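As structure tokens, then:
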């Protein structure tokens with residue numbers, strides 16, 4: 007298995023532009039998470055999907071952030087319009103339902119908003 | 139508020155030496171405590187998991203300990219190697235919440251130098 011696949015690995019954009027981050031979870035995993043990581047705050051949960059349905063989006067910082075999961079093998083995180091304070095590493099993670107809450111993370115997208 | 143505090147924030151050691159990383163948590167009750175290793179430019183990868191009733195768990199040169207009375211965990215690395223250079227993140231989960239409600243520490247950045 008290739009693991010969780012994220013794209014792009016790096017994104018540099020200008021303030022005000024739309025940014026779309028993509029994620030392909032591990033096949034068979036029915037839970038998907040988007041996290042943001044910064045030096046100051048560490049890893050923060052943005053949104054959690056279960057069986058393609060958003061269960062909790064309370065971590066989404068503002069209406070500028072939105073996420074979708076149209077099917078079991080694909081999810082997007084969109085920021086529109088982007089701001090410099092959105093600069094961070096965004097991780098997608100997945101796992102299968104069960105008592106073991108071990109997460110499998112992708113390699114992340116390093117986002118820089120100028 | 140549930141918190142996980144890690145110390146030190148960063149650590150530099152010579153190759154071949156041992157080291158111990160600390161994790162103090164206020165999450166109570168909790169289900170599992172997990173240590174992740176995050177290489178530079180990669181997503182976190184699970185190293186060990188302990189339930190509240192376990193005292194120690196080993197994974198090769200990595201040994202995690204847990205003292206539920208003092209709410210402390212430690213990760214001991216024996217005979218360090220250059221490949222151990224990474225950030226180590228302590229994560230605590232709430233009972234019954236699975237992978238949904240996790241409290242992350244900000245990590246300890248370990249540098250192993252020759």
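Protein chains in written order, with my numbering: chain A, 7 to 120; chain B, 139 to 252. Note that beta-carbon positions come from the ideal geometry of N, C-alpha and C, so glycine has one too. Since we're looking at a predicted model, the values are computed, not measured.
Chain-ordered chain B contacts of residue i [CB-CB under 7 Å]
{"i": "residue 54 of chain A", "result": "238"}
{"i": "residue 97 of chain A", "result": "181"}
Where residue i sits in the DSSP three-state scheme
{"i": "residue 109 of chain A", "result": "coil"}
{"i": "residue 67 of chain A", "result": "coil"}
{"i": "residue 92 of chain A", "result": "helix"}
{"i": "residue 221 of chain B", "result": "helix"}
{"i": "residue 48 of chain A", "result": "strand"}
{"i": "residue 145 of chain B", "result": "strand"}
{"i": "residue 155 of chain B", "result": "coil"}
{"i": "residue 23 of chain A", "result": "coil"}
{"i": "residue 214 of chain B", "result": "strand"}
{"i": "residue 232 of chain B", "result": "coil"}
Proximal residues of chain A, C-beta to C-beta of residue i below 7 Å
{"i": "residue 244 of chain B", "result": "48"}
{"i": "residue 170 of chain B", "result": "107"}
{"i": "residue 184 of chain B", "result": "108"}
8 Å contact criterion, which residue i and residue j should meet: CB distance rounded
{"i": "residue 114 of chain A", "j": "residue 181 of chain B", "result": "6 Å"}
{"i": "residue 223 of chain B", "j": "residue 248 of chain B", "result": "6 Å"}
{"i": "residue 83 of chain B", "j": "residue 174 of chain B", "result": "Chain B is shown from 139 up to 252; residue 83 of chain B falls before or after that span and cannot be answered."}
{"i": "residue 241 of chain B", "j": "residue 142 of chain B", "result": "5 Å"}
Residue from the options whose Cα sits closest to the Cα of residue i
{"i": "residue 16 of chain A", "options": "A:95, A:89 and A:76", "result": "A:95"}
{"i": "residue 322 of chain B", "options": "B:202, B:198, B:150 and B:148", "result": "Residue numbering for chain B in the displayed model covers 139 to 252; residue 322 of chain B lies beyond these limits and cannot be assessed."}
{"i": "residue 220 of chain B", "options": "B:239, B:152 and B:204", "result": "B:152"}
{"i": "residue 166 of chain B", "options": "B:193, B:200, B:140 and B:195", "result": "B:140"}
{"i": "residue 54 of chain A", "options": "A:64, A:48, A:46 and A:88", "result": "A:64"}
{"i": "residue 75 of chain A", "options": "A:93, A:100, A:108 and A:45", "result": "A:100"}
{"i": "residue 252 of chain B", "options": "B:154, B:177, B:143 and B:148", "result": "B:154"}
{"i": "residue 58 of chain A", "options": "A:88, A:103 and A:117", "result": "A:103"}
{"i": "residue 28 of chain A", "options": "A:18, A:13 and A:41", "result": "A:13"}
{"i": "residue 161 of chain B", "options": "B:233, B:199, B:226 and B:210", "result": "B:210"}
{"i": "residue 70 of chain A", "options": "A:92, A:35, A:50 and A:56", "result": "A:92"}
{"i": "residue 30 of chain A", "options": "A:97, A:79 and A:120", "result": "A:79"}
Burial state of residue i, where buried means 16 or more other Cβ atoms lie within 10 Å
{"i": "residue 243 of chain B", "result": "buried"}
{"i": "residue 112 of chain A", "result": "buried"}
{"i": "residue 159 of chain B", "result": "buried"}
{"i": "residue 217 of chain B", "result": "exposed"}
Neighbour list for residue i in chain A, Cβ cutoff strictly below 8 Å
{"i": "residue 146 of chain B", "result": "The premise fails here: residue 146 of chain B is roughly 15 Å from chain A at the closest Cβ pair, so nothing lies under 8 Å."}
Residues that residue i contacts on chain A, provided the C-beta gap is smaller than 9 Å
{"i": "residue 231 of chain B", "result": "107"}
{"i": "residue 198 of chain B", "result": "Ordered by position in chain A, no residue passes the 9 Å Cβ test against residue 198 of chain B, which lies about 17 Å from the chain."}
{"i": "residue 166 of chain B", "result": "What residue 166 of chain B touches in chain A: nothing, since even the nearest Cβ is about 17 Å away."}
Partner residues on chain B for residue i, Cβ-Cβ distance less than 9 Å
{"i": "residue 113 of chain A", "result": "179, 180 and 181"}
Residue i beta carbon near the ligand MN (any heavy atom closer than 8 Å)
{"i": "residue 65 of chain A", "result": "For the ligand MN, the structure offers nothing, since it holds no ligand at all."}
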